[in-house]
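Visitor: In the numbering used here, the protein residues as written are 19 to 472.
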Amino acid sequence: MSHFVRASKYRHVYVDAPKVESTFTNIPTSSTSGEQNYIKGNTKYAAVAVQGGGGPFTILPYDKPGRFERNVPVIAGHTGAVLDFDFNPFHEQLVASCSEDCTIKIWGIPDGGVTETITESLVDLGGHQRKVTLLRFHPTANNILASVGADQLIKLWDIEKACEVNCLGGHEGLIQDIVWDYMGANYATTCKDKSMRICDARAATVSTVIPNAHEGARSTKLTYLGSKDKLLSVGFTRQSQRQFKIWDPRNTSAEIKKVDIDQAAGVIMPFYDDDTNLLYLAGKGDGNIRYYEFVDENPFCFAISEYRSTVAAKGMAMVPKRGLNIMQCETARLLKLTTSSVEPLSFMVPRKSDAFQDDLFPPTQSGTASLSADQWLSGIDRPPVLLDLRPGAKAPVAPSIIGSAAPAIGLKKAAPSSAASTVTAPVLESELSAALARILLLEKVIKDNGLRVP
19 MSHFVRASKY RHVYVDAPKV ESTFTNIPTS STSGEQNYIK GNTKYAAVAV
69 QGGGGPFTIL PYDKPGRFER NVPVIAGHTG AVLDFDFNPF HEQLVASCSE
119 DCTIKIWGIP DGGVTETITE SLVDLGGHQR KVTLLRFHPT ANNILASVGA
169 DQLIKLWDIE KACEVNCLGG HEGLIQDIVW DYMGANYATT CKDKSMRICD
219 ARAATVSTVI PNAHEGARST KLTYLGSKDK LLSVGFTRQS QRQFKIWDPR
269 NTSAEIKKVD IDQAAGVIMP FYDDDTNLLY LAGKGDGNIR YYEFVDENPF
319 CFAISEYRST VAAKGMAMVP KRGLNIMQCE TARLLKLTTS SVEPLSFMVP
369 RKSDAFQDDL FPPTQSGTAS LSADQWLSGI DRPPVLLDLR PGAKAPVAPS
419 IIGSAAPAIG LKKAAPSSAA STVTAPVLES ELSAALARIL LLEKVIKDNG
469 LRVP
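#1: Give me the DSSP bridge partner(s) of TRP394.
#2: Using DSSP's beta-bridge definition, name the partner residues of PHE42.
#3: Spatial neighbours of ASP372 within its chain, please: CB distance less than 8 Å, with the 5 preceding and 5 following residues excluded, ordered by chain position.
#4: Counting along the chain, where does the beta strand (DSSP E) carrying PRO288 start and finish?
#5: Look at LEU249 and ILE196 and say whether their C-beta atoms are less than 7 Å apart.
#6: Can you find a heavy atom of the ligand NAD that lies under 6 Å from the Cβ of LYS62?
#7: According to DSSP, which residues form a beta bridge with LEU163?
#8: Roughly how many whole angstroms lie between the Cα atoms of SER435 and LYS412?
#9: Applying the 10 Å Cβ sphere with the 16-neighbour rule, what's the burial state of LYS370?
#10: Run through the stretch 85-119 for me and flag every whole beta strand (DSSP E) of 3 or more residues, listed as ranges in chain order.
#11: So LEU163 and ILE177 are in contact, right, with Cβ under 8 Å, and what is the actual spacing, rounded?
#12: Quick check: ALA159 and TRP394, are their CB atoms within less than 7 Å of each other?
#13: Ignoring anything shorter than 3 residues, give me the beta strand (DSSP E) runs that lie fully in the stretch 246-309, in order along the chain.
#14: With C-beta atoms as the reference, is SER48 less than 7 Å away from ALA67?
#15: Alpha carbon to alpha carbon, how far is ILE279 from ARG351?
#16: Compare the C-beta of VAL367 with all C-beta atoms of chain C and state if any pair is closer than 7 Å.
#17: According to DSSP, simplified to helix, strand and coil, what is ILE493?
#18: Could you check whether ILE93 and ALA335 sit closer than 7 Å to each other, using their CB atoms as the reference points?
#19: From ALA432 to PRO414, what distance separates their C-alpha atoms?
#20: Along the chain, where does the beta strand (DSSP E) that runs through ARG215 open and close?
#21: Report the three-state DSSP secondary structure of GLY333 (helix, strand or coil).
#22: On the DSSP letters alone, give me the boundaries of the beta strand (DSSP E) that TYR32 sits inside.
#23: To the nearest angstrom, how far is the alpha carbon of THR133 from that of PRO91?
#24: With a threshold of 6 Å on Cβ separation, who are the neighbours of GLU118 within its own chain once the five nearest residues in sequence on each side are excluded?
#25: If you compare alpha carbons, which of GLY305, GLY303, ASP304, PHE320 is closest to GLU311?
#26: Looking at HIS232: is its Cβ nearer than 7 Å to the Cβ of PHE254?
#27: Whose C-alpha, out of VAL367, PHE75, THR382, THR226, is nearest the C-alpha of PRO338?
#28: Leaving out the 5 sequence neighbours to the left and right, which residues in its chain are closer than 7 Å to ASP169 when beta-carbon positions are compared?
#29: For ASP399, I'd like the list of residues in its chain whose CB is within less than 6 Å of its CB, leaving aside the five on either flank, ordered along the chain.
#30: Compute the beta-carbon to beta-carbon distance between VAL360 and ILE45, rounded to the nearest angstrom, for a pair I have assumed lies under 8 Å.
#31: Which of helix, strand or coil does DSSP assign to LYS412?
#32: Taking the beta strand (DSSP E) that VAL197 falls in, what are its first and last residues?
#33: Give the single residue among LEU363, ARG340, GLY341, PHE318 whose Cα lies nearest to the Cα of ILE307.
#34: Could you tell me the alpha carbon to alpha carbon distance between LYS62 and GLY341, rounded to whole angstroms?
#35: Tell me VAL367's beta-bridge partners as DSSP assigns them.
#36: Where does the unbroken beta strand (DSSP E) through VAL224 begin, and where does it stop?
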């Protein structure tokens, strides 16, 4: 009897077990619990909340793993425990944090990492009446940040102007998750009332409500399936079985696919890679990570494999594709937070050739904003700016961003140069991020001394 084997480039994806020399150990992680993932990462750093006064969290440079010393400098400017944080996707040196003290703060990371404890933030945002639980930066517009509070409100902020853009109410319970769609026109939320909502981000209105998306009482998490324009939810059945569902946002009368996973208690954190169409499911309190490949037609997804570990995960974060070792065919990296360590889990595709594998690494999100905050608020939508990962490829050219950070802070446009194509995108991003963080810090110092910023 013959069996049909589906062709897939990712059928043999495996996890390169974390090596001791690449692991962060002895981290006194915060005991605060909530809906957050407890760890976030960009191409250079990971952020983890730690124990101590002032709601501290630490910034871990990937190139300096090892034992966490007790006197390591941290970021500590809140008066309550930090609940969530998010790196600005377009400025590697900027990170936002939120806390039980009801505030949101924007911090500048010095080039080279945090070398002394930072207590003064660049921007303070206040408006929530109860603790702020979740933060999500906009995927394409510069300096737009969404925050979720225990007051059941979702607020959008322009962090460059330090002002609230709009506020959405209407949730009838604790908001459990919030995710932006591919171009950032909408965001979706889940709530303790078991309803899933799709919201118009600019109008601050709920456009679609999916009642009883998952029947179980435990938390439901979300991720958009990138450019496929589909939404995936991970929750529980009435019998506490874990499951995920795929939804078409244009017709939410019923899910288009349902997959039962297993019988376990841990809330699952989903991570979707739009470049490879792979979904990674990691459970809180689990040692396992399941991964699935998605296609455009029924049955929509196929189970690929599962990574098993006896060490339970407290939280998980995905590193942007620009931060991976592409010449070693590393197609994804998840940062696994345990009770006292951070382990990088590298997902590899075995290839015999040492050459760049363009079928595994299509153009990916570049870390360059497609829009300014003002352009997005005016109603313009644009897809993410993409970057060719091929070694030696030219840096991406972003669309004209009226009122973006660069013109606002007076940076002059460089003259064309024949050598420009030899400057790589990560180098340009690092230099720009460091300059912007430095400028924001100087502006704050000027304001604190009663002077006017021109």
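Where is the CB? At the ideal position from N, CA and C, for every residue including glycine.
Guide: The answer reads as follows:
#1: Sequence index remark: in the sequence shown, residue 394 carries index 376 (1-based). DSSP lists no partner for TRP394.
#2: Looking up residue 42 in the sequence shown gives position 24. As computed with DSSP, PHE42 is found in a beta bridge with GLY84, VAL360.
#3: Here residue 372 corresponds to residue number 354 of the sequence shown, with the count starting at 1. Here the set comprises MET345.
#4: Within the sequence shown, residue 288 is the residue found at index 270, counting from 1. Membership of PRO288 in the beta strand (DSSP E) is indicated by the continuous run 286-291.
#5: To locate residue 249, count along the sequence shown from 1; it is residue 231. To locate residue 196, count along the sequence shown from 1; it is residue 178. No, they are not a contact pair.
#6: By its list of ligands, the structure shown contains no ligand whatsoever, and the ligand NAD lies outside what it can speak to.
#7: In the sequence shown, the residue the question calls residue 163 occupies position 145. In the DSSP output, where bridge partners are listed per residue, LEU163 has PHE155, TRP175.
#8: Position 417 of the sequence shown, counted from the first residue, corresponds to residue 435. Position 394 of the sequence shown, counted from the first residue, corresponds to residue 412. In this predicted model, SER435 has a pLDDT of only 32, less than 50, meaning its place in the structure is not dependable enough to derive any value.
#9: Counting from one through the sequence shown, the residue named residue 370 turns up at place 352. When all chains shown are included, LYS370 counts as exposed.
#10: List check, beta strand (DSSP E) in window: 100-105, 112-117.
#11: Mapped onto the sequence shown, residue 163 falls at position 145. Mapped onto the sequence shown, residue 177 falls at position 159. Right, their Cβ atoms sit about 5 Å apart.
#12: Translated into positions along the sequence shown, residue 159 becomes position 141. Translated into positions along the sequence shown, residue 394 becomes position 376. Against a cut-off of 7 Å, the Cβ pair of TRP394 and ALA159 comes out as a contact.
#13: Complete beta strand (DSSP E) runs here, min 3: 249-254, 260-265, 275-280, 286-291, 296-301.
#14: Translated into positions along the sequence shown, residue 48 becomes position 30. Translated into positions along the sequence shown, residue 67 becomes position 49. Yes, the Cβ-Cβ distance between SER48 and ALA67 is below 7 Å.
#15: The sequence position of residue 279 within the sequence shown is 261, counting from 1. The sequence position of residue 351 within the sequence shown is 333, counting from 1. Straight through space, the alpha carbons of ARG351 and ILE279 are spaced by roughly 22 Å.
#16: No chain C is part of this structure, which consists of one protein chain only.
#17: The question about residue 493 has no answer here: the residues shown for the chain are numbered 19 through 472.
#18: Here residue 335 refers to the residue found at position 317 when the sequence shown is read from its first residue. Here residue 93 refers to the residue found at position 75 when the sequence shown is read from its first residue. Between ALA335 and ILE93, the gap from beta carbon to beta carbon reaches 7 Å or more.
#19: Position 414 of the sequence shown, counted from the start, is the residue given in the question as residue 432. Position 396 of the sequence shown, counted from the start, is the residue given in the question as residue 414. Confidence at ALA432 is low in this model, with a pLDDT of 32, below 50, so its placement is unreliable and no value can be given for it.
#20: As a position in the sequence shown, residue 215 is number 197, starting the count at 1. The continuous beta strand (DSSP E) containing ARG215 extends over residues 214-218.
#21: The sequence position of residue 333 within the sequence shown is 315, counting from 1. Annotated three-state conformation of GLY333 is strand, per DSSP.
#22: To locate residue 32, count along the sequence shown from 1; it is residue 14. The continuous beta strand (DSSP E) containing TYR32 extends over residues 32-34.
#23: Counted from its first residue, the sequence shown places residue 133 at position 115. Counted from its first residue, the sequence shown places residue 91 at position 73. Approximately 6 Å, taken between the alpha carbons.
#24: Sequence index remark: in the sequence shown, residue 118 carries index 100 (1-based). Take GLU118, set aside five residues on each side of it, and the residues of its chain with a beta-carbon closer than 6 Å to its own are GLY98, ALA99, LYS149, in chain order.
#25: Within the sequence shown, numbered from 1, the residue matching residue 311 stands at position 293. Comparing Cα positions, the closest option is PHE320.
#26: Taking the first residue of the sequence shown as position 1, residue 232 is located at position 214. Taking the first residue of the sequence shown as position 1, residue 254 is located at position 236. In contact: HIS232 and PHE254 (Cβ atoms closer than 7 Å).
#27: On the sequence shown, residue 338 is found 320 positions in, with the first residue counted as 1. Taking only the C-alpha atoms, the option nearest PRO338 is THR382.
#28: On the sequence shown, residue 169 is found 151 positions in, with the first residue counted as 1. If we look at ASP169 and ignore the five residues flanking it on each side, its Cβ neighbours are HIS146, GLN147, ARG148.
#29: The count along the sequence shown starts at 1 and reaches residue 399 at position 381. MET201, ALA203, listed in sequence order.
#30: Along the sequence shown, one-based indexing puts residue 360 at 342. Along the sequence shown, one-based indexing puts residue 45 at 27. Contact holds; Cβ gap of about 7 Å.
#31: Mapped onto the sequence shown, residue 412 falls at position 394. LYS412 sits in coil when the DSSP states are folded into three classes, being neither helix nor strand.
#32: Translated into positions along the sequence shown, residue 197 becomes position 179. Taken as a continuous stretch (DSSP letters only), the beta strand (DSSP E) holding VAL197 covers 193-198.
#33: Along the sequence shown, read from residue 1 onward, the residue named residue 307 stands at position 289. When only C-alpha atoms are compared, the closest one is LEU363.
#34: Looking up residue 62 in the sequence shown gives position 44. Looking up residue 341 in the sequence shown gives position 323. C-alpha separation (whole angstroms): 7 Å.
#35: In the sequence shown, the residue the question calls residue 367 occupies position 349. DSSP lists no partner for VAL367.
#36: Position 206 of the sequence shown holds residue 224. That run of the beta strand (DSSP E) goes 223-228.
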